Amino acid sequence: ALVDILVIGVPVSSGYGLGKKGIGALTTMLQSCSPGLVVVNIDNGFGAGASAALIANKAEE
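Numbering-wise, the sequence shown is residues 2 to 62 according to this note's numbering.
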């Protein structure tokens with residue numbers, strides 16, 4: 002792994018080119034075989050925040 006911390010990926014629907022409203026970014030993140038990568042749905046900042054909160058709470062234990 003390149004980093005020793007968890008990474009949360011949030012694909013967004015805005016952008017340019019052939020992103021297909023976030024589907025390009027989402028599939029790229031899902032096809033990564035990197036350990037420690039959490040991917041949420043397109044434009045799901047709330048889900049990313051909830052995941053970060055769960056991870057932070059577990060880290061405190």
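Here a beta-carbon is modelled for each residue, glycine too, at the ideal position from N, C-alpha and C.
Every value quoted in this text rests on a predicted model; they were computed, and no experiment measured them.
CB of residue i within 8 Å of CB of residue j, strictly
i, j, result
"D44", "V8", "no"
"G25", "L19", "yes"
"L31", "V39", "no"
"G50", "N42", "no"
Pick from the options that is closest to residue i, judged by C-alpha positions
i, options, result
"L3", "C34, V41, I56, N42", "C34"
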